[in-house]
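**Student:**
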């Protein structure tokens, strides 16, 4: 590969009411507000030294924009364009200045029709890691990963590992050895991108890192105090896969946010992926508790990079089983 | 009152297999084993300076023995005998030496037919609080409280507050202002004894204190590692009532154990009890999650102080509602 | 004894600049501001249901007012007056309304010439324990204890235990078995009042409870962020005595504040006090680090209950040794 | 560069008494023992999936062996040999089988005469991350970094960044803009290798990662319980540089071990290094406490890759100042 995708970089979510959403992300989750206007709110975690990792866009139409991946250098974008074009996949350029605080960006649809964005350059922002006086709520540090449902996980897996250079840290197979879900990474954590078998392409959740397990518990308490207790969908608990301590929330528009603490370093490219059986009850949560139906059935719709219309979903090719097992 | 009940002191549980139970309490919960033989295991928490707070007794017949309360001095026992006799309630003496490591004890059945034990004297044991090398599992510090289902909470409440000198920290009422549950204490924590409306008298749970919230999370992790994940019944979560961070487990015989961290000091006798409406969803858990049916429906049977046979249960006089609300 | 002192209740500190002090206590320590005006700031911890436990009084003259102890009922005050008068000790009444939010109060000087205040009644305030959105800095929960240097610890010990009804949890003796320091309590924690051998009577520190050890670490971080790092005098560390995780700060006027987490329940009046040898290096801190000279040598001056002038200090009757050993 | 050094991999320390050292590393620090015999103990952290990251070698002669770096693939070793030979630096091959559990290794002395080892292959071991029942002491997860004193930091910096491909996350300069210390990484944490101005080459410390700040506090407590309190040299505290919560210990032979928790992800190669002034008091510890002299003055001697004799040390070319400032 002659390009270097370095990490998941940002997501953009359409939201109905900017003030309502902003209150949720700032007060309960502890994001830093880099900048806002009447159409956009730009948010970053305490550790992040770039302008934003989450953008809230005012819109009456719900939907998730192309998932933004950072690449090492500008020339990587041209190489990525070649790759996607060579596969007959849609591509589109957004020149520098088109998107606030961002250099030029390549938008594409991947092999699963998932909209992706690649960019090399984003404005700098002050790292607030040592501004402990600003820590509040969940004390969100940084974007960690995105998790998407796709109808054919094997196809998505092959494309991301063989064409885009992702490594697999852990995966789940059915009894007949078909890949049911996979955790793929570029940066040295358990994942940047997870895929699981489901009606899609659709976004299951965006996950943000927390400094320690007590930050997650404190977030639950703060959410209760602020009247957000019904926004807690699942957890806290410990994932079998990834080993992370987790909490799943639904934001005011229903987007699912995972708070995540404590996976492990994946610096060794020669490490063998960990394989989990779909029927292993500890795969989902080490402690054995079940996920609610909503967690299993509800995902968010992506928007097409050209039309801005919802991306059509396809039914999965493997059985979609009630999650004793999905992460 | 001319006696001084100081605190909940101990519980004795009949268990089928001493080795199986001992492994659970030592390895997963982190109790210190004071002494054992082929009929009994005596356990204490890391902070406790008395011989035990939990006794496992080998028996084919499940059941919970009289709940043991410590009193300040031996003469208090005689005063308590007078009180119970004056009410026409059953009493029975167990002279010193009858029970291992314990002075003479008064056994009674209270107004709810609940079997209670009072004692002034128990052998000393080394406080292990600073033996951090022995901390493991949940790092249990000390017995905190017992929670019992009784058919008439108002009656139990009146007896414990007016006759036995307990103070009420928090309570729950129905729409028509009837007491549905109550948290009563002698020591300066939120409770030694809780009562809630239900089929009883029966034991809902025994609770033990932990040093901090991470000890509780670590306990979940250790339980998963040791194959006890199905013993986790509910939580972790934050109680609305008492404010404690909690976890409910079922031990190998099905007795319910609560791990409990972070209530508040109740040193002011003039503090007004906190009242919760039965319909307040945050009463049960501040974070809003629901308790499983088992938590609501299953309680353990007490044994009669004279016959050793199960104490008969009576249906509650208030509606027994699915716990959006019980603690 | 026909009175019941229930717990340490409040301290009043003269401070030069109310705004500077308020910023320190609110932003770094996380106190709740109950009320303020241009002469006084009234502060309470998150758990406290009474109007205040710390009062900052604007004054050009530094000094600590009579240490405020809460008693169970108003009549206790009359009994306490009798006791102090019978010993020939100074007493003075402040009728209800004289001090804001407080019932009538008895001011005295005790056997060490230490100024004390007793009161039965203080206005209620909302307990903020479940307002997690307001938690910040050290998340101070409640006042825990005061520690005073006195020239004759044995005399202070005898007066507090025999005349005022305090129990001793732990104490330190010299090689020739003389009491060098003592930890005394009325509420069921390790102490309300500590005495140690030194130039006095003078205030060594006031201590406040925190919910868990991470709150203490977070406080250090927040203090660094807010420019208070030179206010950190000692710690964090673990006390041998009391077992608490501790941090010592100096407030903007130099008063020493201890943040304190994790001692143990002292509900059993028949528990034997723990004795420590003055030469045991783990007495001071379990981890063995030494206290700075300032911690050992500097204490705050009390104000006379009648004149408001500094209370004269007397040199201690035992050797005042560099603290391998004081707590 | 046509090789890929992936991360610091292991250190080998000569120790006088294997049993004494093993007790320290297993009981107080919580390492997993992979294998032992009468000459070697092989240790790994709970997260590590390779045979070891720390080797204790029985020897009467103290000293640190070549610092072991893992490379991506075997061919990288040949490229590294070329590089070191081209610079006229000493190299030596240890064929597979020469060192237990390790593939062939290239030993060299670098530009500072620091002995380094490169290897591509080490035997696998079970990752114990989810064996929570085995967690004890500090719960060490994995090797994080090594810190060496060298007489010319600029020279070491240039060699590591320009020739070996390391990136710089943070560094310290003198008033006249000379590099006094530097934090360099290959894996995506703040560092694999730190250099600071001092008498060397010599090893200042080896650091291991912990799961959370409470593990570090628990380690202090366990060390006190096991009689190791004099082995605590410095901390706990918060580094300004790297932001990590830290503790410095001395092992039974005096080697300095850092326990380390909570730096940040360095996945963006285009991030600008953070520069600290040597005179910034928060550079050393955010909380402002000073390091003891021993921490500043004492480092461990390396052993020559050919002779096994101590590597001679050279005085530093910048002033070696008392660490208000070193990390």
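Chains as they are written, first to last, in this note's numbering: chain A, 1 to 327; chain B, 1001 to 1327; chain C, 2001 to 2327; chain D, 3001 to 3327.
Ideal Cβ placement from N, Cα and C applies to all residues, glycine included.
#1: Quick one, which residues of the stretch 3090 to 3101 of chain D are near chain A if we go by CB-CB under 8 Å, in chain order?
#2: State the DSSP-derived secondary structure class of residue 1217 (chain B), mapped to helix, strand or coil.
#3: Can you name the residues that DSSP bridges to residue 2258 (chain C)?
#4: What residues in the stretch 1254 to 1266 of chain B bring their beta carbon closer than 7 Å to a beta carbon of chain C?
#5: Check residue 2128 (chain C) in the structure and name its three-state DSSP category.
#6: For a contact meaning CB atoms closer than 7 Å, what does residue 2225 (chain C) contact in chain A?
#7: Using the beta-carbon of each residue, which ones in chain C are nearer than 8 Å to residue 190 (chain A)?
#8: Run through DSSP, which three-state label would residue 2295 (chain C) get?
#9: Do you know how far the Cα of residue 1133 (chain B) is from the Cα of residue 275 (chain A)?
#10: Apart from the five residues on each side of it in sequence, which residues of its chain come closer than 6 Å, Cβ to Cβ, to residue 3172 (chain D)?
#11: Take residue 23 (chain A) as the anchor and find which of A:316, A:136, A:194 and A:210 has the nearest alpha-carbon.
#12: If distances are taken between C-alpha atoms only, which option among A:148, A:2 and A:139 comes closest to residue 203 (chain A)?
#13: Check whether chain C comes within 8 Å of residue 1333 (chain B), counting only Cβ atoms and requiring the distance to be less than that.
#14: Using a cut-off of 8 Å between C-beta atoms, extract the partners of residue 52 (chain A) located in chain D.
#15: Please report how far the alpha carbon of residue 2319 (chain C) lies from the alpha carbon of residue 2294 (chain C), in whole angstroms.
#16: On the DSSP letters alone, give me the boundaries of the beta strand (DSSP E) that residue 2195 (chain C) sits inside.
#17: Using beta carbons (cut-off 8 Å, strictly below), is residue 2033 (chain C) in contact with chain B?
#18: Using a 10 Å radius around the Cβ and a threshold of 16 neighbouring Cβ atoms, would you call residue 3158 (chain D) buried or exposed?
#19: Mind checking if residue 2244 (chain C) is an interface residue toward chain B, Cβ cutoff 8 Å exclusive?
#20: Short of 6 Å in beta carbon distance, which residues of its chain neighbour residue 1303 (chain B), apart from the five on each side in sequence? Order them along the chain.
#21: Taking the beta strand (DSSP E) that residue 3055 (chain D) belongs to, which residues open and close that run?
#22: Could you confirm whether any beta carbon from chain E is found closer than 8 Å to the beta carbon of residue 268 (chain A)?
#23: Please list the terminal residues of the continuous alpha helix (DSSP H) segment that includes residue 76 (chain A).
#24: How about residue 1205 (chain B) and residue 1258 (chain B): do their beta carbons lie closer than 8 Å?
#25: For residue 3238 (chain D), which residues of its own chain have a beta-carbon under 8 Å away from its beta-carbon, when the five flanking residues on both sides are left out?
#26: Pull out every residue of the stretch 3186 to 3216 of chain D whose Cβ sits closer than 9 Å to any Cβ of chain A, in chain order.
#27: For residue 17 (chain A), which of helix, strand or coil comes out of DSSP?
#28: Just tell me which of B:1087, B:1086, B:1101 and B:1081 has its CA closest to the CA of residue 1093 (chain B).
#29: Could you pull the DSSP bridge partners for residue 1122 (chain B) from this structure?
#30: Assess, as a yes-or-no matter, whether the stretch 1099 to 1107 of chain B is touched by the stretch 1013 to 1027 of chain B under the definition of 3 or more beta carbon pairs within less than 8 Å.
#31: Going by DSSP, name the residue or residues bridged to residue 2067 (chain C).
#32: Does any C-beta atom of chain A lie closer than 8 Å to the C-beta of residue 1232 (chain B)?
#33: For chain A, check one thing: does any of its Cβ atoms lie closer than 8 Å to the Cβ of residue 3167 (chain D)?
#34: Using a beta-carbon distance cut-off of less than 7 Å, what residues from the stretch 134 to 156 of chain A approach chain D?
#35: Residues in the same chain with beta-carbon distance under 7 Å from residue 2316 (chain C), minus the five sequence neighbours each way, listed in chain order, please.
#36: What does the Cβ neighbour count give for residue 2230 (chain C), buried or exposed, with the cut at 16 atoms within 10 Å?
**Tutor:** With the given structure in hand:
#1: Flagged: no residues at all.
#2: In the structure shown, the three-state DSSP call for residue 1217 (chain B) is helix.
#3: For residue 2258 (chain C), which the question treats as bridged, DSSP gives the partners C:2207 and C:2248.
#4: Within the stretch 1254 to 1266 of chain B, those residues whose Cβ lies closer than 7 Å to any Cβ of chain C are, in chain order, 1262, 1264 and 1265.
#5: Coil.
#6: Within chain A, the C-beta atoms nearer than 7 Å to that of residue 2225 (chain C) come from 130, 131, 132 and 133, in chain order.
#7: Correct list: empty, because the minimum Cβ distance to chain C is about 24 Å.
#8: Helix.
#9: Each residue's CA atom was taken as its position, placing residue 275 (chain A) and residue 1133 (chain B) some 35 Å apart.
#10: Contacts found: 3180, 3181, 3276 and 3278.
#11: Checking every option, the nearest Cα to that of residue 23 (chain A) belongs to A:136.
#12: Among A:148, A:2 and A:139, the Cα nearest to that of residue 203 (chain A) is on A:148.
#13: Beyond the ends of chain B as shown, which are 1001 and 1327, falls residue 1333 (chain B); an answer cannot be given.
#14: None at all; the shortest Cβ gap to chain D is about 14 Å.
#15: Those two C-alpha atoms are separated by around 17 Å.
#16: Its beta strand (DSSP E) spans residues 2193 to 2197.
#17: Interface flag for residue 2033 (chain C) against chain B is unset, since no Cβ pair is found closer than 8 Å.
#18: With fewer than 16 Cβ atoms within 10 Å of its Cβ, residue 3158 (chain D) is classed as exposed.
#19: Not one chain B Cβ lies under 8 Å of residue 2244 (chain C).
#20: Same-chain partners within the cutoff: 1063 and 1065.
#21: DSSP places residue 3055 (chain D) in the uninterrupted beta strand (DSSP E) bounded by 3054 to 3058.
#22: No chain E appears in the structure shown, which is made up of the protein chains A, B, C and D.
#23: Counting along the chain, the alpha helix (DSSP H) containing residue 76 (chain A) begins and ends at 74 to 86.
#24: Yes.
#25: Cβ-Cβ distances below 8 Å link residue 3238 (chain D) to 3244, 3245, 3246, 3285, 3286 and 3287 in the same chain, with the five nearest sequence neighbours on each side left out; the list follows chain order.
#26: Under the 9 Å Cβ criterion, the stretch 3186 to 3216 of chain D contributes 3186, 3187, 3188, 3189, 3209, 3211, 3212, 3213 and 3214.
#27: The answer is coil: DSSP assigns residue 17 (chain A) none of H, G, I, E or B.
#28: Considering only alpha carbons, the answer is B:1081.
#29: Residue pairing by DSSP places residue 1122 (chain B) opposite B:1102 in a beta bridge.
#30: No, because fewer than three Cβ pairs between the stretch 1013 to 1027 of chain B and the stretch 1099 to 1107 of chain B fall closer than 8 Å, the two stretches do not touch.
#31: Looking at the DSSP assignment, residue 2067 (chain C) forms a beta bridge with C:2116.
#32: Taking Cβ atoms only, chain A reaches closer than 8 Å to residue 1232 (chain B), which makes this a yes.
#33: No, its Cβ sits nowhere closer than 8 Å to a Cβ of chain A.
#34: Of all residues in the stretch 134 to 156 of chain A, only 142 place a beta-carbon less than 7 Å from a beta-carbon of chain D.
#35: When the five nearest sequence neighbours on each side are left out, the beta carbons in the same chain lying within less than 7 Å of the beta carbon of residue 2316 (chain C) are those of 2151, 2197, 2198 and 2199, in order along the chain.
#36: That one is exposed.
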